[in-house]
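In the numbering used here, the protein residues as written are 1079 to 1145.
C-beta: ideal position from N, C-alpha, C; glycine also.
Taking it in order: structure first as structure tokens, then the write-up.
Written as structure tokens, this is what we have:
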């Protein structure tokens, strides 16, 4: 159930379609994109939904300040 809580799409691909997680750079890029979108649209934060805010989020994730 923790897989479903983390990402419902990941759960669906793994347990309904039996598709394993990709390996390598594609996995890293996908996780990075997922984290950026997750932080940008986080309802618990008051984001201004601007290009500048998106750049701040990307920089913070890249530098490891957002795990």
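Reduced DSSP category for residue i - H, G, I as helix; E, B as strand; rest coil
i: residue 1086; result: helix
i: residue 1112; result: helix
i: residue 1123; result: coil
i: residue 1092; result: helix
i: residue 1103; result: helix
Distance between residue j and residue i (C-alpha atoms, nearest Å)
i: residue 1092; j: residue 1138; result: 29 Å
i: residue 1104; j: residue 1110; result: 10 Å
i: residue 1097; j: residue 1085; result: 15 Å
i: residue 1129; j: residue 1118; result: 10 Å
Counted within 10 angstroms of its Cβ, other Cβ atoms place residue i as buried (16 or more) or exposed
i: residue 1135; result: buried
Segment limits, alpha helix (DSSP H) that includes residue i
i: residue 1135; result: 1129–1140
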